[in-house]
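Peer 1:
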Amino acid sequence: MENLMLGIGAEGNGIEYSNNPDPLILMLVFLLSSQVPVIFGVIAILGFIGNALVVVVVVANQQMRSTTNLLIINLALADLLFIVFCVPFTASDYALPFWPFGEVWCKIVQYLVIVTAYASVYTLVLMSLDRYLAVVHPFTSKSIRTKANTFWAIAVTWVFYSSFFHVDVYLFSSIFRYTFFATSYAIPLLLICALYISMLLRLWKKEAPVGRASAEIQRGKKLRVTRMVCIVVGSFALCCLALFEITPFTVMIQISSHILAYMSSCVNPFLYAFISDNFRKAFRKIVYCPRKD
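Under full-length UniProt numbering, the sequence shown has 147 at position 147, and the numbering climbs by one with no breaks.
1) Which whole-angstrom value is the C-beta distance of V54 and A282, which I expect to be below 8 Å?
2) Can the beta-carbon of A119 be found less than 8 Å from the beta-carbon of T157?
3) Evaluate V36 with the Cβ neighbour count: other Cβ atoms within 10 Å of its Cβ, from every protein chain shown; 16 or more gives buried, anything less gives exposed.
4) Figure out for me which residue from L129, T146, V233 and Y122 has the closest Cα to the Cα of S184.
5) Please report the Cβ distance between C193 and V233, rounded to the nearest whole angstrom; I am assuming they are in contact, meaning their Cβ atoms lie under 8 Å.
6) Roughly how many angstroms lie between the CA atoms of I175 and A182, to the nearest whole one?
7) Are there 16 or more other CB atoms within 10 angstroms of the CB of G41, so buried, or fewer, so exposed?
8) Between L81, N74, K205 and Y111, which lies nearest to Y262 when the distance is taken from Cα to Cα?
9) Beta-carbon within less than 6 Å of Y272's beta-carbon, same chain only, minus the 5 sequence neighbours each way: which residues are those?
10) Apply the 10 Å Cβ neighbour rule to D277 and answer buried if 16 or more other Cβ atoms are within range, or exposed otherwise.
11) Could you tell me which of N74, R284, L70 and F279 sits nearest to A117, measuring between CA atoms?
12) To which residues of the same chain is R65 closer than 8 Å at the C-beta, ignoring the five residues directly before and after it?
13) Can you name, in chain order, every residue of its own chain whose Cβ lies under 6 Å from the Cβ of I83, other than the five neighbours on each side?
14) Under 8 Å, do Y196 and S128 count as touching if we go by C-beta distance?
Now the structure itself:
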């Protein structure tokens with residue numbers, strides 16, 4: 001049984017191990033069985049630690065629970081679940097010539113991977129919307145950017161897709177692939193780009209404060225924000241595109257695409273959390289645990 005999103009399934013990695021003296025095939029077998037699971041293991045460890053630290057920092061600091069940080073912690077939880085239910089099983093699928101966990105668990109893993117992937121992607125869309133509202137409509141959006149509305153938006157990202165994918169998608173694999181590509185990559189990417197472009201246009205149209213020094217400081221801040229937006233959008237576009245197999249892939253391209261896709265869960269904590277001064281200060285506070293005199 002083929003995994004529509006990840007390429008894993010009951011038939012394993014699909015390489016014929018016997019009666020095949022081709023050196024390239026032998027090299028691929030070696031990579032699949034030994035090196036790729038190690039790389040996945042490193043990605044899983046880094047992603048788990050990074051996202052777990054984000055959760056701990058927000059939970060341990062009452063003042064960190066802003067609407068933006070609530071979205072960041074939801075992104076971290078989605079990435080944690082994605083790492084737990086995706087990376088280990090894909091690594092074992094590459095390492096073994098068969099799927100050892102049974103058809104039922106294959107379906108369960110695939111369902112969880114799809115739901116967590118949607119939750120992660122649309123949390124990124126919500127974060128883009130949150131930043132857009134904060135910059136373009138700083139005053140009128142205060143009644144919208146509340147904790148209650150944030151919790152409702154987060155709940156929708158989980159409940160909607162959890163209930164939507166209860167059907168047996170294997171019966172409609174071709175339709176599902178294109179639908180999944182459109183709804184979890186193309187449409188979110190367009191929304192993220194539109195929101196960030198609108199935000200940057202508004203940011204650069206703001207009049208600079210009087211004075212050369214103040215103008216230079218303001219310009220430096222705008223450049224940093226612009227650079228950060230480009231990194232965020234580029235990271236999403238590159239890493240998440242690797243999840244989709246719209247055209248036929250060779251084994252090597254598939255390996256590279258999976259590595260890029262899973263790296264997204266490692267990159268997110270640093271892009272959205274630890275680049276923030278407040279997050280770094282809160283993290284140091286937890287690590288050093290200063291004693292009260």
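Ideal Cβ placement from N, Cα and C applies to all residues, glycine included.
Bear in mind the structure is a predicted one, so any value in this text is a computation, not a measurement.
Peer 2: Quick answer:
1) In fact, because the Cβ distance is near 10 Å, the residues do not count as touching under 8 Å.
2) yes
3) buried
4) Y122
5) 6 Å
6) 11 Å
7) exposed
8) L81
9) I72
10) exposed
11) N74
12) V58 and K147
13) A44, G47, F48 and S265
14) yes
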